[in-house]
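Numbering-wise (my numbering), the sequence shown opens with residue 312 and increments by one.
What follows is one structure encoded as structure tokens, with my remarks underneath.
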Amino acid sequence: FAIIGCAITIVNNIAEIVISRSEFDDTARVAERQLPTAAVRLLVTLFSLFNTFGRLSVGELSDRTTAPRTVWLLATIVVMTTAIVVFAFAPVGVQYAAITLVGTAYGATFCLIPSLVSTLFGMRGFASVLAAVGIAPAIGSELLSVLLAGKLADFYAAHGDALHVVDGAGRVITTHCYGSACYRTTLLICGAICATALVPAAVLHVRVRRAAAAQVAYKGARNERRVVLIARHTR
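Right, here's the structure in full:
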């Protein structure tokens, strides 16, 4: 819900975020060709590339290292939170770097969730649990991207600066929210949600470590009993 919902919020509104942060001579009359479409395309491309990179790299690293996947989940939440805060305050130029972090964390989450589900719930109900977990991103996207970001942008456009895009005849064809405040509140709320997600993720990490330690202790005790029994039979 937190990581993927916040990432989808940024991607779904990336064009509006860039427009609201761009500089125009006259926001009352902006030709459609003046909109920063090249910057938007580049940001979406970077997100797609680093989404793939996050899935491949984190999947490989989590298999090769001894760190539990809950550690990787905590690191992913920290990366996403940092990227969202950067998006909230940074100009368009810095957002190119931030979108790479968003894409990496987004891809890493999709890579980690199936492994965590199988570890926590086993393979018997794997499909059902994973399907239930898959509903969370949809809920996060609807609540954060549509309701929160959309409503706040409309509010700021109605009560603050608005950017009017005109056609060749000078008629207004679209209106956009303009100014850094348009999406800053939304992004800060998303950042707070991601930061809050650190708490249950940390609790999950502690429980997984305790369960793993208990399992190791149980196996050690069982092996000890076997050694004692074998020693008795060989006397």
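Glycine included, C-beta positions come from ideal geometry on N, C-alpha and C.
Distances from the alpha-carbon of G461 to those of I315, I314, A313, A326 put A326 closest. Each residue's CA atom was taken as its position, placing Y494 and Y417 some 20 Å apart. Counting the other Cβ atoms within 10 Å of the Cβ of L431 gives fewer than 16, which makes it exposed. Closest in alpha carbon position to L412, among T363, G451, A508, L441, is T363. Nearest to V322 by alpha-carbon distance, out of R518, E343, Y407, E371, is Y407. If you draw a straight line from the Cα of D478 to the Cα of H487, it comes to about 15 Å. Under the 8 Å Cβ criterion, the region 507 to 516 counts as touching the region 384 to 404, having at least three qualifying pairs.
Taking 8 Å as the cut-off, the Cβ atoms of G414 and G370 do not count as close. Per DSSP, the beta-bridge partners of T486 are H475. The alpha-carbon of W383 is positioned some 11 Å away from that of L427. A342 sits away from T387, with the two beta carbons spaced by 8 Å or more.
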